[in-house]
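In this note's numbering, the protein residues as written are 3 to 83. For each residue, glycine too, the CB sits at the ideal point set by N, CA and C. Report on one structure; see the data block that follows.
See below:
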């Protein structure tokens, strides 16, 4: 499972931070940061979801009010939002 996070879409509500500790606050920028991710394209960050954190990643995606977080299964199919 992997997560894609569109930082440009993020509006800084930080609800994802409360759901999964892979997301951290960047209060200076007013955006969340996805730890241990790599920038795939400008403003879009990707990381694999560690075993045991799948539910947290899904809750983070569901909590985002602007759908800046997308979750994909191991086959590359988008499962959230």
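Which residue comes first and which comes last in the alpha helix (DSSP H) that contains residue i?
{"i": "residue 8", "result": "Run containing residue 8: none in the alpha helix (DSSP H); it sits in the beta strand (DSSP E), 4 to 8."}
Looking at C-alpha atoms only, which residue of the options is the closest neighbour of residue i?
{"i": "residue 19", "options": "61, 83, 81", "result": "61"}
{"i": "residue 10", "options": "65, 3, 35, 17", "result": "35"}
{"i": "residue 54", "options": "8, 12, 23", "result": "23"}
{"i": "residue 5", "options": "31, 15, 58", "result": "58"}
According to DSSP, which residues form a beta bridge with residue i?
{"i": "residue 80", "result": "74"}
{"i": "residue 35", "result": "26"}
{"i": "residue 21", "result": "DSSP, once it has assigned bridges, lists no residue as partnering residue 21."}
For residue i, count the other beta carbons within 10 Å of its own beta carbon; 16 or more makes it buried, fewer makes it exposed. Which is it?
{"i": "residue 70", "result": "buried"}
Taking the continuous beta strand (DSSP E) assigned at residue i, which residues delimit it?
{"i": "residue 46", "result": "46 to 50"}
{"i": "residue 56", "result": "Run containing residue 56: none in the beta strand (DSSP E); it sits in the alpha helix (DSSP H), 56 to 65."}
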